[in-house]
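These notes concern the structure reproduced below.
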Amino acid sequence: MFLRKSWMLVRNAVNSSHLAHINRDCTPIVKHGRVLQALKRHLTIAAARESLKDLVGGTQKLIGYTYDVTMEFYIASHGAAGIEMSPVAESQGELPVRSMSDSYSELIIPLSDVGSRQKYLNPSMKGIRFGRILEDLDTFSVYASYKHTFVDRSKKAAISIVTALVDRIEKQDEIAIDVDIIMSGNVTWAGRSSMEVTTKLQQKLDSGTKTILVARFLMVARNPQTKKAAVVCALKPQNPEEEQIFQMGEESKLRRQEETKRDLLKTHPSEAERELIHEKFLQTLDPNFHTFRQQVKPDNTVWMEDTTLKNLHICFPESRNLYNKIFGGYLMRKAYELAWANTAMYCSSRNVSLLIVDDIAFLKSVEIRSLLLMSSQVVYTQDKDIQIHVHAEVIDPDMGSQSTSNNFHFTFRCHEPKIPEIMPRSYAEYMLYLDGKRHFES
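All residue numbers for the sequence shown refer to UniProt numbering, where the first residue is 1 and numbers rise by one.
Here it is as structure tokens:
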């Protein structure tokens, strides 16, 4: 509901009379003495990716074993002569103040084109591969963020923009396989170095326009030379509706801070949660033995430990992003596909659908050549809904080290008459159960 309300406000603000001419056609925007060419309405997501490559200046040729796209890498790839990088601002006072309309974008996923559609088709489900949509959402968020931050288009962008968090994606309808998807959205909140991008996906059918999903991404700007945070343009609401949208972004920030404080890795469960897991533990005790050591699985349940499904990926250059790290959208696609497969196995049916993607944290960039291990597990169930947690970790075989890169949370619905209940067994699994319950109820 929060995302739907947020998008309604975004749409109304952007379409209001004093903003309707901005970024809705090919007329230029005049802002702080600079003329910015507006987005063409029918730019495809593939064309947007190409424009981002040109904007950032990252090479598409890998030279030797160097994979860092910093200014030095760009110069080494292209030669120093004639290269002009935009200066990196030290404070927001050096940058123009933006409005929400400045970053408003519309991109097309051309499913009506047979050639383009092949990449998105899911023959086994006679539908669209939602993992590909996640990749496009990530690209769109970067695209809108650069429109918000980029000042001098005669030079290459000196800052990098990456996804810090997928706050929430609420899926509202299924995707028609042969109708173009319209992606629209803009920056709806900005701090000193971070931006919130709210995106909506729609399709125009004979029966009318339907909304597929609403998504909220948190993006961060980085200085490639110092590896530290880079400042971005401040965002100034232009009317009461935009004030409300911006305030929602502030509230989301505060909510995330509170959730971090309550993280089960940092603090103990609440009293109600402790009672819940103790009751579930008692359900697993064999009544024929007066001991805590003898556990039995209750009827119509599945041990959580038996729902683990893993895969391992070698990260090749073809999956790199603008900065020659592994593309965040690729990580989301792989995690989603693993989560979907786990859900289908748990339900013994392919007849499952995604409801929500929630709180995907990008903790560490994934380098090319990395070994990426993804582990999925059913962590919570309620009626026909299933909460899946996917943990991604980078393995360095040379050093023998492992480190977490991402945690993913997906909520699916099984359309079969009945599914078993998940049952934790160890204390660690009870914590996963509570964490899954929190995400499910959020």
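We treat Cβ as the ideally placed atom computed from N, Cα and C, and that holds for glycine.
Within a Cβ cutoff of 6 Å, which residues of the same chain sit near residue i, ignoring the five residues on either side of it in sequence?
| i | result |
| --- | --- |
| R222 | S160, A230 |
| F246 | W189, P237 |
| residue 499 | For the chain, the structure presents residues 1 to 442; residue 499 sits outside this window and is missing. |
| D180 | I108, P110, L111, S112 |
| D359 | H409 |
Tell me the residue span of the alpha helix (DSSP H) that contains residue i.
| i | result |
| --- | --- |
| E421 | E421 -> not in any alpha helix (DSSP H); beta strand (DSSP E) instead, spanning 421-423. |
| E50 | 45-56 |
| E337 | 328-347 |
| D138 | 130-149 |
| G115 | 114-117 |
Starting from residue i, trace the beta strand (DSSP E) both ways and give me its first and last residue.
| i | result |
| --- | --- |
| H439 | It is not in any beta strand (DSSP E) - H439 instead sits in the alpha helix (DSSP H) that spans 427-441. |
| residue 456 | A query on residue 456 cannot be resolved here, the shown segment of the chain reaching from 1 to 442 and no further. |
| A392 | 385-396 |
| C414 | 401-414 |
| A157 | That residue, A157, is in no beta strand (DSSP E); it is neither H nor E in DSSP. |
| T198 | 194-205 |
| N300 | From DSSP, N300 is part of no beta strand (DSSP E); its letter is neither H nor E. |
| E106 | 105-109 |
| A190 | 181-190 |
| S376 | 371-382 |
| K310 | 309-314 |
Apart from the five residues on each side of it in sequence, which residues of its chain come closer than 8 Å, Cβ to Cβ, to residue i?
| i | result |
| --- | --- |
| M423 | K280, Q283, T284, K297, P298, T301, V302, W303, M304 |
| S365 | V162, K325, I326, S405 |
| S353 | K171, E174, F412, R413, H415 |
| M183 | I45, S105, E106, L107, I108, I109, D136, L137, F140, T199, K200, L201 |
| G33 | For G33, the pLDDT reaches just 31, beneath the cut-off of 50, and the residue's location in the model is therefore unreliable, although a value from the coordinates is still provided. Once the five neighbours on either side are set aside, G33 has no close Cβ partner at all. |
Count the other CB atoms within 10 Å of the CB of residue i; is the residue buried (16 or more) or exposed (fewer)?
| i | result |
| --- | --- |
| Y433 | buried |
| L205 | exposed |
| K228 | exposed |
| V379 | buried |
| R369 | exposed |
| A272 | exposed |
| F150 | buried |
| M399 | exposed |
| P240 | exposed |
| Y330 | buried |
| H409 | buried |
| T260 | exposed |
| residue 468 | The requested residue 468 is not part of the displayed model; the chain covers only 1 to 442. |
| Q387 | buried |
| S270 | exposed |
| I419 | buried |
| V30 | At V30, the pLDDT of 31 sits below 50, so the modelled position is not reliable and the matter cannot be decided from this model. |
| P417 | exposed |
| D435 | buried |
Residue i CB to nearest chain D CB: under 8 Å?
| i | result |
| --- | --- |
| C315 | Of the protein chains in this structure there is only one, and it is not chain D. |
Would you please state the rounded distance, in angstroms, between the beta carbons of residue i and residue j? I believe it to be under 8 Å.
| i | j | result |
| --- | --- | --- |
| L373 | M345 | Actually they are not in contact, since the Cβ atoms of L373 and M345 sit about 19 Å apart, beyond 8 Å. |
| R333 | E135 | 5 Å |
| I169 | V357 | 4 Å |
| G131 | E429 | No, G131 and E429 are not in contact; Cβ-Cβ is about 27 Å, not under 8 Å. |
| A335 | L165 | Not a contact, Cβ separation roughly 14 Å. |
| Y120 | I128 | 5 Å |
| V56 | K156 | 7 Å |
| R425 | Q295 | 7 Å |
| V376 | V390 | The sequence shown places Ser at residue 376, not Val. Between V390 and S376 the Cβ distance is about 5 Å, and since that is below 8 Å, they are a contact. |
| V142 | L52 | 6 Å |
| S91 | A158 | Not a contact, Cβ separation roughly 15 Å. |
Quick one: what's got a C-beta closer than 7 Å to residue i's C-beta in the same chain, skipping five residues either side?
| i | result |
| --- | --- |
| A144 | S103, S105, G185, N186, V187, V197 |
| Q382 | F440 |
| K210 | D173, Q202, Q203 |
| I314 | L371 |
* Identify every run of the alpha helix (DSSP H) within the stretch 220-289, keeping only runs that are complete inside it and at least 4 residues long; order them along the chain. => Qualifying alpha helix (DSSP H) stretches, in chain order: 240-261, 271-283.
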